[in-house]
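> Residue numbers (full-length UniProt numbering): 1 to 319. All residues carry an ideal CB built from backbone N, CA and C; glycine is no exception.
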């Protein structure tokens with residue numbers, strides 16, 4: 001009953017007021033963490049690129065990294081390989097990351113802890129993208145921004161010290177939706193060759209939000225109505241990737257939560273990917289709610305093994 005009352009109050013807010021509220025809440029939570037609770041990549045830089053209609057802020061996390069150099073010892077009867085470890089080199093694999101937040105909130109600072117951890121664990125450059133938000137910027141503005149970020153990184157590998165042959169897209173919730181849409185757009189436009197996609201409890205079938213099956217999840221149609229120009233747009237493949245033909249997409253890791261209203265559409269996406277010949281690792285989490293993955297593991301240790309699974313899948317997918 002208490003949760004229902006909280007949801008009712010949220011539904012009375014405008015998207016802009018909800019954005020302000022969640023930003024304050026996240027700032028307060030992060031202020032209670034110690035500096036040592038945040039992972040430390042080698043370098044973090046705030047930048048931007050020229051998007052389709054405006055400059056899009058990004059934050060770039062670069063890992064320490066190691067590079068192997070091989071040499072041989074010819075003075076011995078048996079030739080030996082001598083391995084030298086050189087730190088802080090590259091180029092590195094890259095992860096273009098899109099935050100969650102129902103397409104209406106979320107930002108780079110709110111996902112800073114998660115992106116730091118992702119960078120360190122995967123030994124990849126992470127580019128966190130501050131795409132335009134609804135309801136000020138309706139569909140497909142966010143998709144154009146996320147695809148634009150992918151193209152920008154792919155076309156400027158020297159700028160970010162990345163290997164353009166090892167680029168992944170990743171995102172959670174609405175960001176997972178945008179990551180999936182970005183892979184489709186890249187295929188349709190013969191764009192960058194994405195090596196891997198990581199979808200964390202993604203929304204992939206928005207028309208379901210307006211059915212009786214989602215009557216107990218009123219936040220979902222609220223988000224969709226703020227994002228879309230009309231409910232008819234929900235069937236567009238870049239809004240609902242499950243509606244698309246999925247052949248020819250990059251290998252995927254997809255995480256769901258057992259008690260999440262997005263569970264079934266996530267499972268359906270896995271099934272359709274696999275039936276379309278796309279390798280897809282499925283990972284389901286029981287006991288944690290939608291939205292958990294970007295929490296700091298020092299604040300909630302229960303998230304740690306599942307974050308580790310996400311990072312391990314990304315690292316393996318980018319090899």
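Mapping the DSSP letters down to three states, classify residue 161 as helix, strand or coil.
Your numbering for residue 161 matches position 161 in the chain shown. In this structure, residue 161 counts as coil in the three-state DSSP scheme.
> Indicate whether the contact test is met: 3 or more Cβ pairs, each with one atom in the stretch 96-111 and one in the stretch 127-135, closer than 8 Å.
The stretch 96-111 is in contact with the stretch 127-135.
> From what residue to what residue does the alpha helix (DSSP H) around residue 93 run?
Residue numbering aside, residue 93 sits at position 93 when the chain shown is read from its first letter. Looking at the DSSP string, residue 93 is not in any alpha helix (DSSP H); the run it does join, the beta strand (DSSP E), is 92-98.
> Determine the DSSP secondary structure at residue 74, reduced to helix, strand or coil.
Sequence index remark: in the chain shown, residue 74 carries index 74 (1-based). Confidence at residue 74 is low in this model, with a pLDDT of 42, below 50, so its placement is unreliable and the value that follows should be read with caution. Coil, per DSSP.
> Taking the CB atoms as reference points, tell me whether residue 94 and residue 44 lie closer together than 8 Å.
Your numbering for residue 94 matches position 94 in the chain shown. Your numbering for residue 44 matches position 44 in the chain shown. Not a contact, by the Cβ cut-off of 8 Å.
> Quick one: using the 10 Å Cβ neighbour count with 16 as the cut-off for buried, is residue 41 buried or exposed?
Counted from its first residue, the chain shown places residue 41 at position 41. Under this definition residue 41 is a buried residue.
> Could you name the residues of the same chain whose beta carbon sits closer than 8 Å to that of residue 105, not counting the 5 residues immediately before and after it, in chain order?
On the chain shown, position 105 is the one that residue 105 refers to. Correct list, in chain order: 15, 18, 19, 22, 23, 133.
> Using 10 angstroms around the beta-carbon of residue 189, count the other beta-carbons present and answer buried if the total reaches 16, otherwise exposed.
Taking the first residue of the chain shown as 1, we reach residue 189 at position 189. The residue is exposed, with fewer than 16 neighbouring Cβ atoms inside 10 Å.
> For my contact list, residue 317 and residue 253 are in at a C-beta cut-off of 8 Å; report their separation, rounded to the angstrom.
As a position in the chain shown, residue 317 is number 317, starting the count at 1. As a position in the chain shown, residue 253 is number 253, starting the count at 1. About 7 Å; that satisfies the 8 Å criterion.
> Going by beta carbon distance, what residues of the same chain come within less than 6 Å of residue 315, once the five residues before and after it are set aside?
Walking along the chain shown from the start, residue 315 turns up at place 315. Taken in chain order, the residues that qualify are 122.
> Would the beta-carbon of residue 148 fall within 8 Å of that of residue 52?
Start at 1 with the first residue of the chain shown, and residue 148 comes out as number 148. Start at 1 with the first residue of the chain shown, and residue 52 comes out as number 52. Contact: yes.
> Kindly indicate the opening and closing residues of the beta strand (DSSP E) around residue 305.
Reading the chain shown from its first residue, position 305 is the one you call residue 305. Here residue 305 belongs to no beta strand (DSSP E); instead the alpha helix (DSSP H) covers 304-317.
> Whole-angstrom Cβ separation of residue 154 and residue 167, contact assumed at under 8 Å?
Numbered from 1 along the chain shown, position 154 holds the residue referred to as residue 154. Numbered from 1 along the chain shown, position 167 holds the residue referred to as residue 167. Between residue 167 and residue 154 the Cβ distance is about 6 Å, and since that is below 8 Å, they are a contact.
> So what does DSSP say about residue 284, is it helix, strand or coil?
By one-based count along the chain shown, residue 284 stands at place 284. Residue state, collapsed to three classes: strand.
> Below 6 Å CB to CB, which residues in the same chain sit around residue 238 once its five sequence neighbours on both sides are set aside?
Within the chain shown, residue 238 is the residue found at index 238, counting from 1. Closer than 6 Å at Cβ, skipping near neighbours: 140, 143, 181.
> DSSP on residue 197, reduced to helix/strand/coil?
For the purposes of this step, residue 197 is taken as the residue at position 197 of the chain shown. Here residue 197 sits in strand by DSSP.
> Check for me: the beta strand (DSSP E) holding residue 256 runs from which residue to which?
Taking the first residue of the chain shown as 1, we reach residue 256 at position 256. It spans 252-257 - the beta strand (DSSP E) in which residue 256 sits, taken as one unbroken run.
> Sort out for me which residues DSSP pairs residue 49 with in a bridge.
For the purposes of this step, residue 49 is identified with residue 49 of the chain shown, where counting begins at 1. Per DSSP, 56.
> Taking residue 351 and residue 294 to be in contact with their CB atoms under 8 Å, please state how far apart those CB atoms are, rounded to whole angstroms.
No answer is possible for residue 351: the residues shown for the chain start at 1 and end at 319.
> If we count Cβ pairs, one from each stretch, closer than 8 Å, do we get three or more for the stretch 199-217 versus the stretch 251-268?
As far as the Cβ criterion goes, the stretch 199-217 touches the stretch 251-268, which means the pair count is three or higher.
> Let me know the alpha helix (DSSP H) ranges lying completely inside the stretch 196-240, each 4 residues or longer, listed in chain order.
Those alpha helix (DSSP H) runs which fall completely within the stretch 196-240 and span 4+ residues are 219-227.
> Helix, strand or coil: which one does DSSP assign to residue 135?
As a position in the chain shown, residue 135 is number 135, starting the count at 1. In the structure shown, residue 135 sits in coil (DSSP, three-state: anything other than H, G, I, E or B).
> Can you tell me the Cα-Cα spacing of residue 58 and residue 49, whole angstroms?
For this step, residue 58 is matched to residue 58 along the chain shown. For this step, residue 49 is matched to residue 49 along the chain shown. So the two alpha carbons sit approximately 8 Å from each other.
> Take residue 220 as the anchor and find which of 198, 118, 173, 273 has the nearest alpha-carbon.
In the chain shown, residue 220 corresponds to position 220, counting from 1. Among 198, 118, 173, 273, the Cα nearest to that of residue 220 is on 173.
> Does the Cβ-Cβ distance between residue 200 and residue 255 come in under 8 Å?
Stepping through the chain shown from its first residue, residue 200 is reached at position 200. Stepping through the chain shown from its first residue, residue 255 is reached at position 255. It is a contact, given that the beta carbons lie within the stated cut-off.
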